[in-house]
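Inspection log for the structure reproduced underneath, given as structure tokens.
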Amino acid sequence: MQVVPPISPSVNTAEARAIQQQLRTRVRLEPCPSPVTRVAGVDVGFEQAGAVTRAAVVVLSYPDLQPLAAAVARRPTEFPYVPGLLSFRELPALLDAMGRLEVTPDVVLCDGQGIAHPRRFGIACHLGVTLDLPAVGVAKSRLVGTHETPPDEKGGQAVLLDGDEQIGVVLRTRTGVKPLYISPGHRVTMADSVRLVLGCTHRYRLPETTRCAHSLASHGCWPSRVAGQPVDTAAAVYR
DNA sequence: GCGACAG
DNA sequence: ATCTTGTCGC
Numbered sequence: 140m141q142v143v144p145p146i147s148p149s150v151n152t153a154e155a156r157a158i159q160q161q162l163r164t165r166v167r168l169e170p171c172p173s174p175v176t177r178v179a180g181v182d183v184g185f186e187q188a189g190a191v192t193r194a195a196v197v198v199l200s201y202p203d204l205q206p207l208a209a210a211v212a213r214r215p216t217e218f219p220y221v222p223g224l225l226s227f228r229e230l231p232a233l234l235d236a237m238g239r240l241e242v243t244p245d246v247v248l249c250d251g252q253g254i255a256h257p258r259r260f261g262i263a264c265h266l267g268v269t270l271d272l273p274a275v276g277v278a279k280s281r282l283v284g285t286h287e288t289p290p291d292e293k294g295g296q297a298v299l300l301d302g303d304e305q306i307g308v309v310l311r312t313r314t315g316v317k318p319l320y321i322s323p324g325h326r327v328t329m330a331d332s333v334r335l336v337l338g339c340t341h342r343y344r345l346p347e348t349t350r351c352a353h354s355l356a357s358h359g360c361w362p363s364r365v366a367g368q369p370v371d372t373a374a375a376v377y378r
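Quick note on numbering: the first sequence equals residues 140 to 378 in the working numbering.
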């Protein structure tokens, strides 16, 4: 897919926060365009003791969740991990990978927060706004906000609040596992976000999109099975 | 000053 | 995120 200008050059943490305050005005939480037929998942891993960032993006058919395409990209790591500024560390490599994609997804599920962020601008917002693509934040742990314990059953939910503002949903994707922190990133509603995550989830805690992206980013290959089906590596090409 | 803190 | 083997539980 066509990815426009790179991302911000080397910035310091103060500048990064200022950029977030500026870009947050571009976030639009509106109904996700329908129908959704292609869902992407993105994730990053590191090599050379963190010196190199490896990003992966996969595209699955929806709601079938069968592999359609994927892309991987590597580039020097130029920003440290700072809570609240994750996108400045991972987005450059992710955009490189997105640029190598042959097909354009209808929505992207990101590994990290959407608006459930101190400045309401997590990595899902940054990626979504940058590509003007619908994006959802799917985090494995909490960054900000308070919540009750969601019911211990698949689909169990609890509202994630920052004061009196709802910034996300704490979602149990399967019985007996730690819940995920879901929040809109761009061009999706809170309800769309939960629906899409559940729609992409099968037998594991993480949605299939995230599982595939993580597998490609850290192991360099697809999982043996996606949504319960053996993967046809030949059809799911990537470069 | 003392914790908390996506990946 | 990453360094790393076995092990407890459904």
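C-beta atoms are modelled at their ideal positions from N, C-alpha and C, and glycine is treated no differently.
Taking the continuous beta strand (DSSP E) assigned at residue 354, which residues delimit it? In the DSSP annotation of this structure, residue 354 is not part of any beta strand (DSSP E); the continuous alpha helix (DSSP H) holding it starts and ends at 347-357.
So for residue 217, helix, strand or coil by DSSP? In the structure shown, residue 217 sits in coil (DSSP, three-state: anything other than H, G, I, E or B).
Through-space distance from residue 268 to residue 334, alpha-carbon basis: Taking the straight line from one Cα to the other gives about 21 Å.
What number of angstroms, rounded off, separates the C-alpha of residue 336 from the C-alpha of residue 154? Approximately 32 Å between the Cα atoms of the pair.
Smallest Cα separation from residue 165: which of 314, 367, 292 and 265? Nearest of 314, 367, 292 and 265 to residue 165, Cα basis: 265.
Just checking, does the stretch 269-276 make contact with the stretch 194-211 on the three C-beta pairs under 8 Å criterion? No: fewer than three Cβ pairs fall under 8 Å.
Does the beta-carbon of residue 256 have 16 or more other beta-carbons within 10 angstroms, so that it is buried, or is it exposed? Residue 256 is buried by the Cβ-count criterion.
Taking Cβ to Cβ, would you say residue 325 is nearer than 9 Å to residue 263? In this structure, the beta-carbon distance from residue 325 to residue 263 falls below 9 Å.
Write down the C-beta distance between residue 271 and residue 177 rounded to the nearest angstrom, noting that I regard them as a contact closer than 8 Å. For residue 271 against residue 177, the beta-carbon gap comes to about 16 Å, at or over 8 Å, which does not count as contact.
Which same chain residues end up closer than 6 Å to residue 380 when comparing Cβ atoms and leaving out the 5 residues on each side of it in sequence? With the chain represented from 140 up to 378, any question about residue 380 goes unanswered, as that position is not in the structure.
Beta-carbon gap between residue 349 and residue 235 smaller than 9 Å: With contacts defined by Cβ atoms closer than 9 Å, residue 349 and residue 235 do not form a contacting pair.
Coarse secondary structure for residue 333, derived from DSSP in three states: Three-state DSSP puts residue 333 in a helix.
Does residue 412 come out as helix, strand or coil in the three-state DSSP assignment? What the structure shows of the chain is the stretch from 140 to 378, and residue 412 is not part of that stretch, so it cannot be assessed.
Please report the distance separating the alpha-carbon of residue 318 from that of residue 185. In this structure, the straight-line span from the alpha carbon of residue 318 to that of residue 185 is close to 25 Å.
Distance CB(residue 355)-CB(residue 211) smaller than 9 Å: The Cβ atoms of residue 355 and residue 211 lie closer than 9 Å to each other.
Residues that residue 339 bridges to, as DSSP identifies them: Answer is none; residue 339 lacks a bridge partner.
CA nearest to the CA of residue 291, picked from 285, 330 and 309: That would be 309, whose Cα lies nearest to the Cα of residue 291.
Which residues in the same chain as residue 198 place their Cβ atom closer than 6 Å to its Cβ, once the five residues preceding and following it in sequence are excluded? 177, 179, 207, 208, 242 and 244.
Which two residues bound the contiguous alpha helix (DSSP H) that contains residue 256? Looking at the DSSP string, residue 256 is not in any alpha helix (DSSP H), and its letter there is neither H nor E.
Which residues in the same chain as residue 145 place their Cβ atom closer than 6 Å to its Cβ, once the five residues preceding and following it in sequence are excluded? With a pLDDT of 49 at residue 145, under the threshold of 50, the predicted position of this residue should be treated as unreliable, though the coordinate-derived value follows. Residues of the same chain with a CB within less than 6 Å of the CB of residue 145, apart from the 5 flanking positions on each side, do not exist.
Can you have a look at residue 353 and say buried or exposed, based on whether 16 or more other CB atoms are within 10 angstroms of its CB? The C-beta of residue 353 has 16 or more other C-beta atoms within 10 Å across all chains shown, which makes the residue buried.
Excluding sequence positions up to five away, which residues of its chain have a Cβ less than 6 Å from the Cβ of residue 378? Residue placement at residue 378 cannot be trusted, given a pLDDT of 48 that sits under 50; the coordinates are not used to answer.
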